[in-house]
Amino acid sequence: MSAKFVVGIDLGTTHSALAVAELGGTDERVSVLEIEQLVSAGSVAKRPLLPSFLYFAHESEPALSLPWDSERRVCVGEFARSRGAEAPQRVISSAKSWLSYGGVDRRSGTLPLNAPDDIEKISPVETSFRLLDHLNEAFRAARPADGDLAEQEVVLTVPASFDAGARDLTVEAALAAGFEQVTLLEEPQAALYAWIEQNGDAWRSHLRAGDRVLVIDIGGGTTDFSLIDAVEQDGSLGLSRVAVGDHILLGGDNMDLALAHVVSQELAEQGKELDRFQLGALAHACRGAKEKLLSDASLQQVAVVLPSRGSQLLGGSIRGELRREQVERYLLDGFFPAVSATELPKVRPRAGLTQVGLPYASDPAITKHLAAFLARHAFADPASGATDARPPTAILFNGGVLKAEILRTRVIDTLNGWLAQRGSAKARVLPGEDLDLAVARGAAYYGLVRHGRGLRIRGGTARAYYVGIENPMPALPGMEPPVFALCVAPFGMEEGTSAALPPQELFVVVGEPVTFRFFGSSTRRTDPAGSVLERWRSGELEELPQIELVLPAAGRAAGDVVAVQLQASVTAIGTLKLEAVAQTPLVPDERWQIELSVRHGSSAA
Amino acid sequence: MVTSLPLLSRLWLSWVTSFRILFDGRFAAQLALLREAGAPSEPPAPAELPVQVPPAPAAPTPEAPRGSNDSALQLLTLLQREGRFVDFVQQEVASFADAEIGAAARVVHEGCRRALRAHARVVSVRNEAEGSSLTLERASEDVKLVGNVAGSAPFRGVLRHRGWRVEELTLPTVVGAHDATLVAPAELELS
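Going down the list, the sequences are from chains V and X. Take the first sequence: its letter number 488 is residue 487 in numbering that gives the first Met the number 0, and every next letter is one higher. Take the second sequence: its letter number 65 is residue 64 in numbering that gives the first Met the number 0, and every next letter is one higher.
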């Protein structure tokens with residue numbers, strides 16, 4: 000372990016970033032590495048952010064050359080994104096959302112979803128690997144003396160809402176990219192680390208024991224919430240992550256698209272119909288107009304001009320406008336409505352037959368998702384079983400969307416309204432600085448923390464995990480046997496620890512794959528390993544993709560039935576490991592690893 | 000010996016060289032030398048003038064350094080891609096209403112500004128308000144004297160234009176066998 004640097008990687012849904020800190024040096028500052036990438040046909044430049052898009056060149060196009068490879072046919076970054084808007088079937092976007100979506104086999108070639116025949120589709124895992132591989136190449140090119148990311152300690156961030164399977168797949172992609180010393184970190188924690196790094200020792204004067212920080216992270220494609228407590232720890236201040244929210248596929252891109260539809264409807268009323276290209280350009284133009292309106296309160300409207308697609312700019316361009324009142328109505332009231340604390344997101348019933356696609360949030364109101372998160376973790380009645388439900392006292396914002404002050408103000412006002420109703424004090428805002436790069440910076444800083452250079456946020460696993468066991472009962476027509484949930488991994492398991500062996504035995508047939516239903520809960524925090532739930536409240540347990548165990552026939556006869564116990568541990572990397580331990584081992588400590596997220600489709604879907 | 004060029008050729012030459020002076024530092028330096036020396040006794044090396052560059056049929060040298068025009072072409076490509084600059088300048092605007100030109104100008108302005116800011120750091124030469132009085136202790140290249148230009152320093156006058164200077168220019172690196180003269184490829188939409 001002679002890594003010279005820790006490298007923090009924010010592998011984002013829409014953008015990725017990379018930050019570096021030196022290990023063992025005198026300089027403990029974290030610096031962001033600009034990422035060299037193809038920015039247009041035949042030209043390469045460095046940018047702080049790498050758009051997380053992958054584009055496959057068509058045979059009509061020249062190679063997508065990089066300084067280190069002139070023959071490449073696939074590219075990542077800015078050109079991939081802009082070329083992808085022109086040839087959408089050839090681009091992969093939102094790979095990270097696919098990685099956490101159990102509805103497809105995440106190891107088989109599924110992307111780009113509607114790829115033409117000449118493209119050999121790749122899996123969500125491979126897409127993530129290609130993004131990481133590009134970051135590695137850019138690191139090598141930028142710092143030739145420092146070698147490879149394989150030689151460095153890499154901290155890779157994941158949404159706090161990623162389940163054990165998605166975390167596993169992320170590590171799989173990192174290992175494929177050759178990162179041998181990789182650790183996972185939750186993104187909202189990374190944002191708080193960045194805040195600590197930025198404030199130096201002064202951060203301790205901003206937080207007191209008893210404070211509860213609500214981290215709100217709204218990126219281009221996802222929204223993530225976490226609660227982190229400041230606690231008294233051996234006489235000094237410690238931090239502990241106490242709750243994380245669900246995976247919400249809702250972010251800044253949805254907002255730009257919503258505004259584009261508003262403007263395109265107005266244009267349609269004037270008889271100006273837009274094609275797909277113009278709609279894409281409109282979303283882009285609306286983003287610019289939105290940013291102007293949000294940052295300058297004196298503006299009442301901003302013109303949105305769609306240049307003609309031909310070479311005649313004049314005469315063919317379409318002019319529309321975005322008005323302040325529209326931004327306020329559709330952004331503030333559509334995405335950030337001032338709702339009461341009890342107003343929860345609408346859940347649209349799933350249509351019987353749906354195309355393969357990401358499970359986008361059906362309610363765009365982020366404040367309602369926040370209300371639901373707080374209802375579960377902060378405002379819950381302690382008698383209902385949720386322990387330690389306390390309102391937040393401070394807010395930390397992260398993600399590009401929240402650069403707009405008007406949106407931050409709406410979130411703060413709404414939250415403070417809820418707090419006032421409950422008689423709680425207002426929450427303070429912890430001033431964060433670079434909302435786009437904080438996660439990468441915080442990840443690199445966490446790398447230093449792991450070497451004892453600062454305070455570590457405790458918390459362990461953000462969910463408890465359960466295996467479904469069918470309760471044997473006489474067959475009754477029309478009745479499915481009830482399923483009990485056996486807790487195998489309690490909430491809050493720290494890295495490098497193992498859960499107690501549950502007393503229950505499960506029986507597995509040698510040589511045949513056995514699948515188990517698998518559940519997670521972010522609210523049940525006190526179930527020890529081995530406890531069995533016969534019933535649970537709706538929403539308390541979330542069904543995850545099935546898990547699978549194959550006992551090799553070695554030493555046993557195929558078809559034999561073997562009694563096993565399931566034991567969970569959390570690896571040093573930060574992934575969950577589930578093993579079946581033989582009750583009557585043939586060799587000492589005989590155990591087999593259970594594969595998380597093997598096949599697509601959870602049985603509940 | 001030097002023969003005089005016809006007026007049309009001179010017009011053409013002045014147009015192309017003005018761009019070249021802007022974007023090609025070496026060419027500009029040679030031209031400055033030429034100008035200092037007064038009328039040259041020798042004609043300038045013809046290869047230095049774009050109008051007279053003879054096609055080089057022999058010895059294809061793919062490893063040869065990229066043309067000195069490449070960065071100018073790159074800048075044009077950038078301005079076209081981000082701000083439709085070439086489209087705008089190439090079109091006749093006389094028959095269009097100001098409102099239409101204004102709408103197009105927004106596209107050009109916003110895009111070219113974005114491109115310029117992403118690749119160059121442009122600062123003003125003087126920070127005083129335009130219209131304010133200014134005393135220049137000694138003559139310098141970054142302030143051009145106009146009006147009653149006579150006498151010696153210090154020069155007192157009114158600042159009319161604050162001037163611009165590019166402090167940093169970072170154009171993207173050109174990679175692969177890309178035709179730099181292709182400022183915008185034609186587009187063919189397949190359905």
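We put the CB at the ideal spot given by N, CA and C, even for glycine. From a predicted model like this one, the values you see are computed outputs, not experimental measurements.
Of Pro544(V), Glu70(V), Ala159(V), Gly250(V), the smallest CA-CA separation from Leu213(V) is found for Ala159(V). Within 8 Å of the CB of Val38(V), the CB atoms of chain X belong to Pro171, in sequence order along the chain. Within the region 163–240 of chain V, the alpha helix (DSSP H) runs of at least 4 residues that lie entirely inside it are, in chain order, 163–175, 186–198, 202–205. Distance from the Cα of Gly315(V) is smallest, within the candidate group Trp163(X), Val92(X), Gly175(X), for Val92(X). Taking 7 Å as the upper bound on Cβ-Cβ separation, chain X lies near residues Pro61, Ala62, Ser64, Leu65, Pro66, Ser69 of the region 60–72 of chain V. Taking all protein chains shown into account, Val466(V) has 16 or more neighbouring C-beta atoms within 10 Å of its C-beta and is therefore buried.
With a cutoff of 7 Å on beta-carbon distance, Asp362(V) and Pro336(V) are scored as not near each other.
Under the Cβ criterion (8 Å, minimum of three pairs), the region 440–447 of chain V counts as touching the region 29–36 of chain V. Within the region 116–162 of chain X, the complete beta strand (DSSP E) segments at least 3 residues long are 119–123, 132–135, 154–157, listed from N- to C-terminus.
Each of Val482(V), Ala463(V), Ala484(V) was checked against the Cα of Val241(V), and the nearest Cα belongs to Ala463(V). Against Gly399(V), chain X offers no close residue; the least beta-carbon distance is about 17 Å (beta-carbon pairs closer than 8 Å). Taking 7 Å as the cut-off, the Cβ atoms of Leu331(V) and Arg427(V) do not count as close.
Of all residues in the region 294–307 of chain V, those with a C-beta nearer than 8 Å to a C-beta of chain X are Ala302, Val304, Pro306, reading in chain order. For Val121(X), the nearest beta carbon of chain V is not closer than 7 Å to its own beta carbon. Annotation for Phe518(V): the continuous beta strand (DSSP E) segment containing it runs 513–520.
Neighbours of Val43(V) in chain X, taken as residues whose beta carbon is under 7 Å from its own, are Pro171, Thr172, Val174 in chain order. For Ala140(V), DSSP records no beta bridge to any residue. Restricting attention to Gly110(X), Ala71(X), Val121(X), Ser132(X), the CA atom closest to the CA of Phe154(X) is found in Ser132(X).
Taking one beta carbon from each stretch, the region 419–433 of chain V and the region 178–188 of chain V have fewer than 3 pairs nearer than 8 Å; the two do not touch.
With a threshold of 7 Å between beta carbons, Ser30(V) makes no contact with chain X. Rounded to the nearest angstrom, the Cβ distance from Glu152(V) to Ala2(V) is 4 Å, consistent with a contact under 8 Å. Rounded to the nearest angstrom, the Cβ distance from Gly558(V) to Gly510(V) is 7 Å, consistent with a contact under 8 Å. DSSP lists Glu578(V) as the beta-bridge partner residues of Gln592(V). Under the three-state reduction of DSSP, Asp178(X) is assigned to coil, being neither helix nor strand.
Residues of the same chain with a CB within less than 7 Å of the CB of Leu543(V), apart from the 5 flanking positions on each side, are Gly101, Asp162, Gly164, Phe517, Phe518, Gly519, Ser601 in chain order.
Between the beta-carbon of Ala259(V) and that of Ala282(V) there is about 4 Å, and that keeps the pair under the 8 Å contact cut. In this structure, the beta-carbon distance from Ala377(V) to Pro390(V) falls below 7 Å.
Around the beta carbon of Pro187(V), 16 or more other beta carbons sit within 10 angstroms, so the residue counts as buried. For Leu434(V), the closest alpha carbon among the candidates Arg407(V), Gly458(V), Gly451(V), Arg457(V) is that of Arg407(V). Sorting Leu585(V), Ala340(V), Glu432(V), Trp67(V) by C-alpha distance to the C-alpha of Trp417(V) places Ala340(V) at the top.
Judged by DSSP in its simplified three-state form, Ser127(V) adopts helix. Ser263(V) is outside the set of residues whose beta carbon lies under 7 Å from a beta carbon in chain X. Judged by DSSP secondary structure, His14(V) falls outside any alpha helix (DSSP H) and instead within the beta strand (DSSP E) spanning 14–21. Taking a 10 Å sphere around the C-beta of Asp178(X), we find fewer than 16 other C-beta atoms and assign the residue as exposed. Contact annotation, Gly279(V) with Ala84(V): C-beta distance approximately 5 Å; criterion of less than 8 Å satisfied. The three-state secondary structure of Pro501(V), taken from DSSP, is coil.
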